[in-house]
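Chains as they are written, first to last, in the numbering used here: chain A, 4 to 394; chain B, 356 to 686.
Ideal Cβ placement from N, Cα and C applies to all residues, glycine included.
All of these numbers come straight from a predicted model, not from anything done at the bench.
Down below is the structure, laid out as structure tokens.
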Amino acid sequence: MSGTSESRDQPLFRSVDWDRQTGRTWSPAPSTWFVLAGLLAVGASFLYDAVVVPVDRPLLGSWKAPLVDWLLLVSLVLFVGYGLLPLATRHRTRKRLWNHVRRHPTVATSVGWLVVVLLLGTVGSVLLGTPVKHTAIPYQPPAFLPRNPYLPGECVGAVADGRCRGTLSYPLGTNVYGEDLVTLLVSGMRVAVTLSLVTATIIVAVATTVGTVAGFVGGRVDAALTSYVNLQRTVPAFLVYVVFAFLTKPSLLGLIVVFGLLNWGGVANVVRSEVQAVREAGYVRAARSAGAGRIHVLRHHVLPSVSGGVAVATTRQVASLILVEAAISYLELNDVMVRSWGEIVASGMGQWFPLNWWVVAAPGLALVSTVVAVSVVGDALRDVFDPRGVP
Amino acid sequence: MSDSSLLSVSDLTVEFDTPQGTIRAVEELSFEVSPGEVVCLVGESGSGKTVAGETLTRLVPTPPGRIVEGAVRFEGRDLTSLDESDLTSIRGDRIAHVFQNPQGALDPAYTVGEQVAETIHLHEDAPDARERALSLLDQVDLPRPTNVAEKYPHELSGGIKQRVVLATALAADPDLLVADEPTTALDVVTQAQILRLLADLQRERDLAVLFVTHDLGVVSQIADRVVVLYAGRVMERGPVTEVLGDPAHPYTRALLASHPGRGESMTPLRGTFPDPVDRPDGCLFHPRCPHAVEECRETVPAEHDVSWKRSAACLYYGDDYDAERLDGDRA
């Protein structure tokens with residue numbers, strides 16, 4: 004039997020949040036309070052920006068607060084409130100998570116990298132600012148590394164053996180415009196975080212709603228929703244985005260909306276089948292026989308059981324979406340003003356490639372490691388969420 | 356119907372729509388449970404005993420299930436006509452259920468302490484739910500309740516889980532406990548412990564229990580009265596000592612004869628259980644009955660009194676037949 008390592012004599016029973024079990028009065032959990040407060044704050048700032056601040060004037064510093072950033076803020080609030088806070092505040096979950104991370108170095112590395120991406124992606128641009136062009140010094144090599152003499156541009160660092168060497172002022176070098184690659188990578192993180200979080204929020208919200216309703220209500224509602232989902236899954240989001248980009252103009256928001264609204268079908272199917280399985284489970288019957296209503300059963304017994312499946316299925320979508328964004332950038336169907344990793348890679352694949360290898364290698368590595376990390380963390384979440392699995 | 360009964364089921368018929376056709380799981384079932392009494396519904400798999408237990412508080416999903424006719428009166432109120440919100444206030448609070456498989460009856464996502472408290476919270480705002488949950492876990496004879504309360508179901512054995520399930524069922528202090536094969540999934544030693552616990556709790560709380568089982572050994576240990584079901588119909592009913600000691604209905608006799616460990620040779624029931632979609636006419640048991648006569652194929656036998664408080668749905672106990680012949684044929 005597992006769990007024997009628990010300290011047997013010290014009851015941890017105190018940590019149980021009994022109030023949360025209440026069926027009659029509505030006493031929200033801390034995460035609900037956090038989300039409510041966060042959404043209110045974001046909403047108020049949005050209104051302030053829309054009503055009070057003049058159209059062309061930035062809201063804060065140089066931040067003009069585009070729509071996609073508001074969506075990122077909303078997603079962040081939801082992600083922290085319903086994703087991170089429950090993991091951190093529930094004693095047992097936190098312990099399981101910690102045990103899992105400690106035993107699996109790959110998971111630990113992945114979580115670490117994603118935390119870096121998340122932090123730098125949200126506050127990095129504030130600290131480092133947006134990339135600045137120094138057209139005089141393109142193609143500075145990474146620190147201490149030599150550069151091929153055919154590459155144009157002055158040399159900021161020392162010249163040894165007739166070759167320009169990189170300096171610590173530009174640890175990862177510069178690109179064709181003389182922009183610092185570190186700053187560029189951080190701006191790419193911002194794009195990756197926006198893309199992932201906002202799309203994931205749309206997918207989780209729509210897929211959970213549709214999948215739960217279909218699985219729990221059943222009958223004709225289920226048949227209608229399922230056939231719609233199957234129909235929608237035949238529509239390739241990529242193609243829709245290409246058409247969209249031709250008709251209007253390429254944009255990150257368009258990419259997010261198209262992929263968010265078209266790619267939730269698979270996740271919804273996962274939710275539906277898990278809800279159906281749980282609906283027949285003994286503990287749902289037991290809860291009903293104990294006097295629990297449908298809403299109570301849904302909130303307390305069905306939704307917690309599907310959360311793991313949703314997390315895994317959504318991380319799969321997010322991982323592939325980051326790659327799709329790179330592909331779209333490579334096809335020059337993106338908004339070139341949005342400096343995503345894919346865009347940086349694409350801009351580096353010009354006439355000087357592969358002499359300017361670092362311009363492609365740095366964002367490429369960031370891209371690949373993020374995709375791998377998202378997948379690894381998705382798998383780890385499934386292991387942790389499944390209470391019957393190895394803790 | 357006597358006025359003293361807590362639960363009174365009359366002429367209950369429940370059907371299920373399946374792709375193969377309509378199945379009549381329970382047919383014209385009537386029985387009563389008085390306060391503090393233990394009544395056993397006995398029958399083979401498919402006899403409708405589980406459906407009967409779950410129909411009381413309408414736990415059977417509709418569709419495919421359907422209550423065709425009949426009434427379930429609990430303290431005089433007909434539960435078949437109550438709306439869902441009234442039913443949820445009765446479920447758990449007045450009528451609690453315990454199901455066969457303790458593995459599935461506990462949600463793997465919560466500690467067992469939380470799950471006991473959940474039932475308390477479902478029926479009242481109880482700031483002392485934690486203490487009450489611990490006290491309940493203590494009452495079901497769990498050693499170190501504080502320790503067990505914080506365990507997750509997968510960390511506990513089947514017997515301990517079934518004790519927790521019992522504690523959950525008793526959490527809101529019900530008047531009637533519907534226990535559906537609560538010991539079947541457990542090993543023999545644990546079975547005996549749980550049965551003894553159930554009997555103790557029943558006596559302490561003066562709880563009425565509807566015990567659903569196929570196990571005649573269990574019946575003899577716990578029941579006051581027995582209702583024997585076959586393919587959804589009552590075959591025989593009466594006080595446990597009489598029904599098991601001197602069974603009247605040929606089915607009950609065959610069932611007892613097929614039960615191992617009575618010192619006599621064990622005789623399996625001949626024939627097969629009727630196809631639920633295509634049930635025999637007349638007496639449901641006639642294709643397997645050693646005493647069947649022509650009339651058994653045509654007439655559905657009424658319940659005839661065998662003795663005081665005891666009846667059997669067999670033509671032989673009617674006025675036109677001589678029940679002595681059953682024993683004669685048998686010898």
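Taking Cβ positions only, does residue i come closer than 8 Å to chain B?
{"i": "Y85(A)", "result": "no"}
{"i": "S308(A)", "result": "yes"}
{"i": "A295(A)", "result": "yes"}
{"i": "H103(A)", "result": "no"}
{"i": "H304(A)", "result": "yes"}
{"i": "V375(A)", "result": "no"}
{"i": "V387(A)", "result": "no"}
Between residue i and chain A, is the shortest Cβ-Cβ distance under 8 Å, so that the two count as touching?
{"i": "R446(B)", "result": "yes"}
{"i": "T443(B)", "result": "yes"}
{"i": "R685(B)", "result": "For R685(B), the predicted structure reports a pLDDT of 45, less than 50, and the residue's modelled location is therefore unreliable. A value from the coordinates is still provided. It does not: the Cβ of R685(B) has no partner Cβ on chain A nearer than 8 Å."}
Kindly list, in the order they appear in chain A, the residues whose Cβ is closer than 8 Å to that of residue i.
{"i": "F454(B)", "result": "G285, R288, A289, S292"}
{"i": "A451(B)", "result": "S292, A293"}
Ends of the alpha helix (DSSP H) at residue i?
{"i": "I347(A)", "result": "344 to 351"}
{"i": "M192(A)", "result": "184 to 220"}
{"i": "R518(B)", "result": "513 to 525"}
{"i": "V544(B)", "result": "543 to 560"}
{"i": "V300(A)", "result": "297 to 300"}
{"i": "H94(A)", "result": "94 to 106"}
{"i": "H476(B)", "result": "467 to 478"}
{"i": "V313(A)", "result": "306 to 333"}
{"i": "C651(B)", "result": "649 to 653"}
{"i": "Y676(B)", "result": "Segment: none, Y676(B) is in no alpha helix (DSSP H) and carries neither H nor E."}
{"i": "F262(A)", "result": "255 to 265"}
{"i": "G425(B)", "result": "That residue, G425(B), is in no alpha helix (DSSP H); its beta strand (DSSP E) goes 420 to 429."}
{"i": "S363(B)", "result": "Counting along the chain, S363(B) falls outside any alpha helix (DSSP H), though it belongs to the beta strand (DSSP E) covering 362 to 373."}
{"i": "T443(B)", "result": "439 to 445"}
Taking Cβ-Cβ distances shorter than 8 Å, what residues in chain B pair up with residue i?
{"i": "A314(A)", "result": "Within 8 Å Cβ-Cβ: nothing; A314(A) doesn't reach chain B, min ~14 Å."}
Please determine, among the options, the residue with the shortest C-alpha to C-alpha distance to residue i.
{"i": "L198(A)", "options": "G263(A), A314(A), N272(A), G296(A)", "result": "G263(A)"}
{"i": "S359(B)", "options": "E430(B), L384(B), T410(B)", "result": "E430(B)"}
{"i": "I331(A)", "options": "A44(A), H107(A), V246(A)", "result": "V246(A)"}
{"i": "V574(B)", "options": "M590(B), R518(B), R560(B), L599(B)", "result": "L599(B)"}
{"i": "L384(B)", "options": "V364(B), C669(B), A612(B)", "result": "V364(B)"}
{"i": "V309(A)", "options": "A464(B), L414(B), V369(B)", "result": "A464(B)"}
{"i": "D164(A)", "options": "R150(A), S172(A), Q354(A), Y173(A)", "result": "R150(A)"}
{"i": "L525(B)", "options": "S490(B), H509(B), E536(B)", "result": "S490(B)"}
{"i": "T410(B)", "options": "R297(A), L228(A), A227(A), S292(A)", "result": "S292(A)"}
{"i": "G64(A)", "options": "S128(A), S113(A), A47(A), V119(A)", "result": "S128(A)"}
{"i": "P529(B)", "options": "D636(B), I475(B), G572(B)", "result": "I475(B)"}
{"i": "S343(A)", "options": "L184(A), P152(A), P69(A)", "result": "L184(A)"}
{"i": "G367(A)", "options": "V348(A), R95(A), T204(A)", "result": "V348(A)"}
Mind pulling the chain A residues with CB within less than 7 Å of residue i?
{"i": "L414(B)", "result": "R288, R291, S292"}
{"i": "G376(B)", "result": "Going along chain A, no residue has its Cβ under 7 Å from G376(B), so there is no contact; the nearest lies around 20 Å."}
{"i": "G459(B)", "result": "A284, G285, Y286"}
{"i": "D462(B)", "result": "Y286, H304"}
What are the start and end residues of the beta strand (DSSP E) that includes residue i?
{"i": "G409(A)", "result": "The shown model of chain A, from 4 to 394, leaves out residue 409(A), and the question about it has no answer."}
{"i": "V453(B)", "result": "450 to 453"}
{"i": "V589(B)", "result": "588 to 594"}
{"i": "R379(B)", "result": "376 to 388"}
{"i": "T412(B)", "result": "Unbroken run through T412(B): none, as it is neither H nor E."}
{"i": "R665(B)", "result": "665 to 667"}
{"i": "D660(B)", "result": "659 to 662"}
Residue i touches chain A at which residues, Cβ-Cβ below 9 Å?
{"i": "T523(B)", "result": "A289, A293"}
Relative to chain A, which residues along the segment 469 to 484 of chain B have a C-beta separation below 7 Å, given in chain order? E469, A472, E473, T474, H476, L477, H478, D480, A484
Give, in chain order, every residue of the segment 543 to 564 of chain B whose Cβ lies closer than 7 Å to some Cβ of chain A. none
Beta carbons nearer than 8 Å to chain A: which residues of the segment 590 to 606 of chain B have them? none
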